[in-house]
Amino acid sequence: MRRVTVRKSSVHGRGVFALHAIPAGQRILEYRGELTSWRRASARHWRSGVPGHTFIFGLADGRVIDGSVGGNSARWLNHSCQPNCEAIEDGRGRVFIETLRDVKPGDELFIDYGLTTGEAMTPELAADYACRCGAKRCTGSMLAPASRKLARP
Numbered sequence: 162m163r164r165v166t167v168r169k170s171s172v173h174g175r176g177v178f179a180l181h182a183i184p185a186g187q188r189i190l191e192y193r194g195e196l197t198s199w200r201r202a203s204a205r206h207w208r209s210g211v212p213g214h215t216f217i218f219g220l221a222d223g224r225v226i227d228g229s230v231g232g233n234s235a236r237w238l239n240h241s242c243q244p245n246c247e248a249i250e251d252g253r254g255r256v257f258i259e260t261l262r263d264v265k266p267g268d269e270l271f272i273d274y275g276l277t278t279g280e281a282m283t284p285e286l287a288a289d290y291a292c293r294c295g296a297k298r299c300t301g302s303m304l305a306p307a308s309r310k311l312a313r314p
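Its first residue numbered 162, the sequence shown is counted upward by one per residue in the numbering used here.
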């Protein structure tokens with residue numbers, strides 16, 4: 162039985178939505194795609210010409226899963242500052258999406274991207290990674306907290 166579907170999101174582009182009630186602590190799906198290097202995935206991403214939109218999922222060992230190649234519906238998960246799901250990496254470089262709290266049918270599923278860029282923060286970069294989640298405690302950014310500081314001129 163399918164537990165999720167992908168459709169238009171009010172937050173950004175497409176999103177992943179629950180078809181049925183899903184209790185907290187449930188593994189929903191695996192984030193799939195090509196296992197590759199940051200360099201290769203970044204080059205592919207920048208050639209796409211879409212800043213702030215990526216299907217690259219960084220792994221602890223420095224490799225990435227590039228959901229733009231062979232990816233599944235997990236690549237459409239949107240960011241929220243108050244997510245209802247989390248990404249769990251196992252010891253073999255696989256990433257699974259699990260619920261943090263009970264999810265109702267029709268709810269959009271969210272994770273906290275916690276993105277890092279490795280670049281000095283500029284107003285332009287901050288705008289590229291602006292958060293649209295609408296949560297009560299929205300931080301305004303999809304970037305990890307240490308990456309949110311603006312570079313000084």
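We put the beta carbon where it would ideally sit given N, CA and C, even for glycine.
In the structure shown, what three-state DSSP assignment does Arg-253 receive? One-based indexing of the sequence shown puts residue 253 at position 92. In this structure, Arg-253 counts as coil in the three-state DSSP scheme.
Residue closest to Phe-179, alpha-carbon to alpha-carbon, out of Ala-288, Gly-267 and Cys-294: Residue numbering aside, residue 179 sits at position 18 when the sequence shown is read from its first letter. A quick correction: the sequence has Ala, not Phe, at residue 179. Of Ala-288, Gly-267 and Cys-294, the residue nearest in Cα terms is Gly-267.
For Glu-269, the nearest candidate out of Ser-203, Ser-170, Met-162 and Arg-193 (CA to CA): Looking up residue 269 in the sequence shown gives position 108. When each option's Cα is compared against that of Glu-269, the closest is Ser-170.
Where Arg-298 sits in the DSSP three-state scheme: Numbered from its first residue, the sequence shown carries residue 298 at position 137. DSSP places Arg-298 in coil when its eight states are reduced to three.
C-beta contact flag for Gly-279 and Ala-305 at 7 Å: Working through the sequence shown from its first residue, we reach residue 279 at position 118. Working through the sequence shown from its first residue, we reach residue 305 at position 144. No. Outside cutoff.
Please state the DSSP three-state secondary structure of Ser-234. In the sequence shown, residue 234 corresponds to position 73, counting from 1. DSSP places Ser-234 in helix when its eight states are reduced to three.
Express the C-alpha separation of Gly-252 and Cys-294 in angstroms, rounding to a whole number. Sequence index remark: in the sequence shown, residue 294 carries index 133 (1-based). Sequence index remark: in the sequence shown, residue 252 carries index 91 (1-based). Cα-Cα distance, rounded: 30 Å.
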